[in-house]
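Position 88 of the sequence shown, counting from 1, maps to 88 under the numbering used here, and the rest follow consecutively.
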Amino acid sequence: MTASDYATAHRARFVRELREFLRFPSISTLAAHRDDVHRTAQWLADHLQTIGAQVCQVIPTPGHPVVYAEFPASVPNAPTLLFYGHYDVQPVDPLDEWTSPPFEPTERDGVLFARGATDDKGQVFLVIKAIESWLQGAGTLPCTVKLLIEGEEEIGSPNLEGFLQTHRPQLACDGVLICDTAMFAPDVPSLVYGLRGLAYLELTVHGPNRDLHSGSFGGAVVNPANALARIIAALHDDAGNIAVPGFYDDVRPLDEQERALIASLPFDEEAFQRELGVPALGGEAGYSVLERLTVRPTLDVNGLWSGFTGEGAKTVLPASAHAKISMRLVPDQRADRIAQRVAEHIERIASRGVRVEVRMLHGADPVLVDRESLPMKAAARALEQTFGRPPVFQREGGSIPVVSHFQQMLGVPVVLMGFGLHSDGAHSPNEHFHLVNFYRGIEAVARFLEELQRGA
Ligand code: BES
Ligand code: ZN
1 MTASDYATAH RARFVRELRE FLRFPSISTL AAHRDDVHRT AQWLADHLQT
51 IGAQVCQVIP TPGHPVVYAE FPASVPNAPT LLFYGHYDVQ PVDPLDEWTS
101 PPFEPTERDG VLFARGATDD KGQVFLVIKA IESWLQGAGT LPCTVKLLIE
151 GEEEIGSPNL EGFLQTHRPQ LACDGVLICD TAMFAPDVPS LVYGLRGLAY
201 LELTVHGPNR DLHSGSFGGA VVNPANALAR IIAALHDDAG NIAVPGFYDD
251 VRPLDEQERA LIASLPFDEE AFQRELGVPA LGGEAGYSVL ERLTVRPTLD
301 VNGLWSGFTG EGAKTVLPAS AHAKISMRLV PDQRADRIAQ RVAEHIERIA
351 SRGVRVEVRM LHGADPVLVD RESLPMKAAA RALEQTFGRP PVFQREGGSI
401 PVVSHFQQML GVPVVLMGFG LHSDGAHSPN EHFHLVNFYR GIEAVARFLE
451 ELQRGA
């Protein structure tokens, strides 16, 4: 039986197993879920064992464990592929906006709803099922496949660089595959050749040593919430540029060929706006919406709190105000350098009546991958065979911290071939994965393994 026939014949069981995987609340950022995260890793390792992994380990790190497995090729001199994915997920709040509970996977009209369905458990699982389909269906595997599935991607992969350093010989490979991105549109397969980086800061503005009556003290004491609002407002100018000195110094200019490639993608700005329910789109003057979303850097407030936010009115001058601020970065910006520049600028512009404290939470460097590498070409052929049309090449606005480490440490080509959709609700309530994309993902990855072995 071919791998593809096996995958088709076992679809129903594959989905049942995926539901089991999705039931684990593996929220990496919440300490209360630490044991759940560890249990997920163990379940995953057990599953890999049952489908025939020859090496299969749950490897502890200072944080959450890494699941590592090896499936050797059945043919001599076959290439080795390293697959990277993550089994951790984002928090689920606001919980009351979910139609069905986030960790009770529910299928409605061919769509599976659960936290992690598209980001990234569903996509990790389709790779595992592609391997199983080769092994159990065809009885052979065209490539050696090593799997590295981590539990800390959603918190910036703080322990993965160290892990790669200590396990480098074991991770030797001819190429890396990552399925943790989106397709450009439904039925439009995509190969992603660039990801933005990220620098994430938490800003605290300290004012008086306690909350004060705003009548007795307001007017003479600088209000940290007002001061924070002024700081945030000063971080952009009226044209939508980031007003931090030196912020754009390392941004590599876009060449005209790439702008033409981006402009050729079938993107409808009006439909995008309509779907989001906003009265107008915003951003940096001089760039298209798609450019603003993928190849230009950003600075955004992710969270903001201070003072009294309960029902009704309380007259209070708060002691402190807080913001979480992230910058999406593009080549050749560096997360550390940008974080430092922004922090220094905030300290410079803050009112003298308050004290600011800036802490870097995490970072990731932006990446570009080679569009012409052999694995990339193999991926393009596999996608064309599966979808009946060649993939588009695009850059993505999101970040995957480990990619820059792979490039530096392993020095092999990386393929970013994802099967999600931007409308799948990653990080949002009602996250879901279209099962048709789960099936097509299995098919595409199965074909990719064969095309990789075939070479140029
Ligand atoms: N799957 C995403 C990465 C992604 C997002 C790719 C959007 C393409 C489009 C990944 O799980 C993710 O969310 N990464 C974080 C990284 C951060 C926590 C360092 C992100 O981009 O916010
Ligand atoms: Zn994510």
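Note that the Cβ used here is the ideal one computed from N, Cα and C, for glycine as well.
- Task: Could you say if the segment 365-378 and the segment 423-442 meet the contact criterion of at least three C-beta pairs nearer than 8 Å?
- Result: no
- Task: Within the same chain, show all residues whose beta-carbon is closer than 7 Å to that of ASN159, passing over the 5 residues directly before and after it, in chain order.
- Result: Reading the sequence shown from its first residue, position 159 is the one you call residue 159. Excluding residues within five positions, the ones whose Cβ falls inside 7 Å are THR61, PRO62, GLY63 and GLU152.
- Residues bridged to VAL415 [DSSP beta-bridge criterion]: Translated into the one-based positions of the sequence shown, residue 415 becomes position 415. In the DSSP output, where bridge partners are listed per residue, VAL415 has LEU177.
- Query: Roughly how many whole angstroms lie between the Cα atoms of GLU344 and ILE338?
  - Reply: Numbered from its first residue, the sequence shown carries residue 344 at position 344. Numbered from its first residue, the sequence shown carries residue 338 at position 338. Approximately 10 Å, taken between the alpha carbons.
- Task: Give the secondary structure of TRP98 by DSSP, where H, G and I count as helix, E and B as strand, and everything else as coil.
- Result: Residue numbering aside, residue 98 sits at position 98 when the sequence shown is read from its first letter. Note: TRP98 maps to coil in three-state DSSP.
- With LEU18 and PRO186 assumed to form a contact (beta carbons below 8 Å), what rounded beta-carbon distance in angstroms separates them? Position 18 of the sequence shown, counted from the first residue, corresponds to residue 18. Position 186 of the sequence shown, counted from the first residue, corresponds to residue 186. Wrong, their Cβ atoms sit about 20 Å apart, outside the cutoff.
- Message: What would DSSP say about TYR457, mapped onto helix, strand or coil?
- Response: Residue 457 lies beyond the stretch modelled for the chain, which goes from 1 to 456, so this question has no answer here.
- Message: Can you tell me whether ILE400 is helix, strand or coil according to DSSP?
- Response: Here residue 400 is taken as the residue at index 400 of the sequence shown, counted from 1. Reduced to three states, the DSSP call for ILE400 is coil.
- Task: Specify the secondary structure class of VAL188 as computed by DSSP and reduced to three states.
- Result: Locating residue 188 in the sequence shown gives position 188, counting from the first residue. Strand, per DSSP.
- Three-state secondary structure (DSSP) of VAL445: In the sequence shown, counting from the first residue as 1, residue 445 sits at position 445. Here VAL445 sits in helix by DSSP.
- Message: Let's see if you can read the secondary structure: which residues bound the alpha helix (DSSP H) around VAL342?
- Response: The residue you call residue 342 lines up with position 342 of the sequence shown. Note, VAL342: alpha helix (DSSP H), 335-349.
- Task: Would you tell me roughly how many angstroms separate the C-alpha atoms of ASP93 and ILE27, rounded to the nearest one?
- Result: For the purposes of this step, residue 93 is taken as the residue at position 93 of the sequence shown. For the purposes of this step, residue 27 is taken as the residue at position 27 of the sequence shown. Roughly 11 Å between the two C-alpha positions.
- Using the beta-carbon count (16 or more within 10 Å), is TRP305 buried or exposed? As a working note, residue 305 is residue 305 in the sequence shown. When all chains shown are included, TRP305 counts as exposed.
- Query: Is the beta carbon of ASP119 within less than 7 Å of some heavy atom of the ligand ZN?
  - Reply: For the purposes of this step, residue 119 is taken as residue 119 along the sequence shown, with counting starting at 1. Correct: ASP119 has its Cβ closer than 7 Å to the ligand ZN.
- Message: Less than 8 Å between the beta carbons of TYR84 and LEU44, yes or no?
- Response: Position 84 of the sequence shown, counted from the start, is the residue given in the question as residue 84. Position 44 of the sequence shown, counted from the start, is the residue given in the question as residue 44. Cβ distance not < 8 Å, so TYR84 and LEU44 don't count as in contact.
- Query: Quick one, are the C-beta atoms of GLY283 and GLY240 less than 8 Å apart?
  - Reply: For this step, residue 283 is matched to residue 283 along the sequence shown. For this step, residue 240 is matched to residue 240 along the sequence shown. Going by C-beta atoms, GLY283 is nearer than 8 Å to GLY240.
- Message: Using only the alpha-carbon positions, how far apart do GLU198 and LEU82 sit?
- Response: By one-based count along the sequence shown, residue 198 stands at place 198. By one-based count along the sequence shown, residue 82 stands at place 82. The identity of residue 198 in the sequence shown is Leu, whereas the question assumes Glu. The straight-line gap from Cα to Cα measures roughly 24 Å.
- Query: Rounded to a whole number of angstroms, what is the C-alpha to C-alpha distance between LEU171 and LEU265?
  - Reply: Sequence index remark: in the sequence shown, residue 171 carries index 171 (1-based). Sequence index remark: in the sequence shown, residue 265 carries index 265 (1-based). The straight-line gap from Cα to Cα measures roughly 35 Å.
- Can you tell me whether DSSP reads ILE51 as helix, strand or coil? Start at 1 with the first residue of the sequence shown, and residue 51 comes out as number 51. Coil at ILE51, not helix or strand.
- Separation of ARG334 from ARG196, as counted between CA atoms: Here residue 196 is taken as the residue at index 196 of the sequence shown, counted from 1. Here residue 334 is taken as the residue at index 334 of the sequence shown, counted from 1. Whole-angstrom Cα-Cα distance: 11 Å.
- Roughly how many angstroms separate the alpha carbons of PRO245 and VAL356, rounded to a whole number? Numbered from 1 along the sequence shown, position 245 holds the residue referred to as residue 245. Numbered from 1 along the sequence shown, position 356 holds the residue referred to as residue 356. About 19 Å.
- Sorry if obvious, but does the Cβ on PRO297 come closer than 7 Å to a heavy atom of the ligand BES? For this step, residue 297 is matched to residue 297 along the sequence shown. No, Cβ of PRO297 sits at least 7 Å from all heavy atoms of the ligand BES.
- Message: Here's a check: name, in chain order, each residue in its chain whose Cβ is nearer than 6 Å to the Cβ of HIS427, leaving out the five neighbours to either side.
- Response: Counting from 1 along the sequence shown, the entry for residue 427 is found at position 427. Closer than 6 Å at the Cβ level, and outside the excluded window around HIS427, lie GLN90.
- Around the C-beta of ARG395, are 16 or more other C-beta atoms found within 10 angstroms, so that it is buried, or is it exposed? Against the sequence shown, residue 395 aligns to sequence position 395. Buried is the call here.
- Rounded to whole angstroms, what's the CA-CA distance from ARG23 to GLU150? Just pull it up for me. To locate residue 23, count along the sequence shown from 1; it is residue 23. To locate residue 150, count along the sequence shown from 1; it is residue 150. Those two C-alpha atoms are separated by around 17 Å.
- Query: What are the boundary residues of the alpha helix (DSSP H) that includes SER4?
  - Reply: Locating residue 4 in the sequence shown gives position 4, counting from the first residue. Run containing SER4: 3-9, per the alpha helix (DSSP H) assignment.
- Please classify LEU201: is it buried, with 16 or more other beta-carbons within 10 angstroms of its beta-carbon, or exposed? Here residue 201 refers to the residue found at position 201 of the sequence shown. By the neighbour-count rule (16 or more Cβ atoms within 10 Å), LEU201 is buried.
- Straight-line gap, VAL460 to VAL342 (C-alpha atoms, nearest Å): Examination of residue 460 is not possible in this model, given that the chain is present from 1 through 456 alone.
- Query: Quick one: any contact between the segment 96-109 and the segment 404-423, if contact means 3 or more CB pairs under 8 Å?
  - Reply: no
- Item | Touching by the beta-carbon criterion (3+ pairs, under 8 Å), the segment 400-410 and the segment 163-183 | yes
- Using a threshold of 7 Å, is the CB atom of GLY397 nearer than that to any non-hydrogen atom of the ligand BES? Translated into the one-based positions of the sequence shown, residue 397 becomes position 397. Because some heavy atom of the ligand BES lies under 7 Å away, the Cβ of GLY397 counts as near it: yes.
- So what does DSSP say about ARG359, is it helix, strand or coil? Within the sequence shown, numbered from 1, the residue matching residue 359 stands at position 359. Here ARG359 sits in strand by DSSP.
- Who does CYS56 pair with in a DSSP beta bridge? Working through the sequence shown from its first residue, we reach residue 56 at position 56. Per DSSP, ALA69.
- Please find out if some non-hydrogen atom of the ligand ZN comes closer than 7 Å to the beta-carbon of HIS427. By 1-based counting over the sequence shown, the position of residue 427 is 427. True, at least one ligand heavy atom lies under 7 Å from that Cβ.
- Query: With DSSP run on the structure shown, which of helix, strand or coil describes ASP46?
  - Reply: Reading the sequence shown from its first residue, position 46 is the one you call residue 46. Helix at ASP46.
- Item | Residue burial classification, GLN54 (beta-carbon count within 10 angstroms, cutoff 16) | Taking the sequence shown and counting its residues from 1, one reaches residue 54 at position 54. With fewer than 16 other Cβ atoms within 10 Å, it is exposed.
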